[in-house]
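Colleague: Have a look at this one before I ask anything.
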Amino acid sequence: MPDTSTPSVDPAAADLVAGMARVIGLELPDICLPGVIAGVEALQMHLGVLDAAEAEDRR
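Using our numbering, you'd call the opening residue of the sequence shown number 47 and step up by one each time.
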């Protein structure tokens, strides 16, 4: 049987995601948090790369 337990997540990240979900009107089950957090972290990294590229273009 596959493990269906909820993986542990950083409480601060979980609070951030819960706040974002409230703002946009979503109800996320706890089991979704790890995937949503991973997506937010990936977006953050992507935006950092874009910022660095823009800074490089301005030089």
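Positions of the beta carbon are idealized from the N, C-alpha and C atoms, including for glycine.
Everything numeric in this text was worked out from a predicted model, so none of it was measured.
1) Just checking my contact of Leu79 with Ala60 at CB under 8 Å: how many whole Å lie between their CB atoms?
2) Do the region 80-89 and the region 60-70 make contact, defined as three or more Cβ pairs closer than 8 Å?
3) Please report the residue range of the alpha helix (DSSP H) in which Gly65 lies.
4) Along the alpha helix (DSSP H) that carries Arg104, what are the first and last residues, could you check?
Modeller: In brief:
1) 5 Å
2) yes
3) 57-70
4) 79-104
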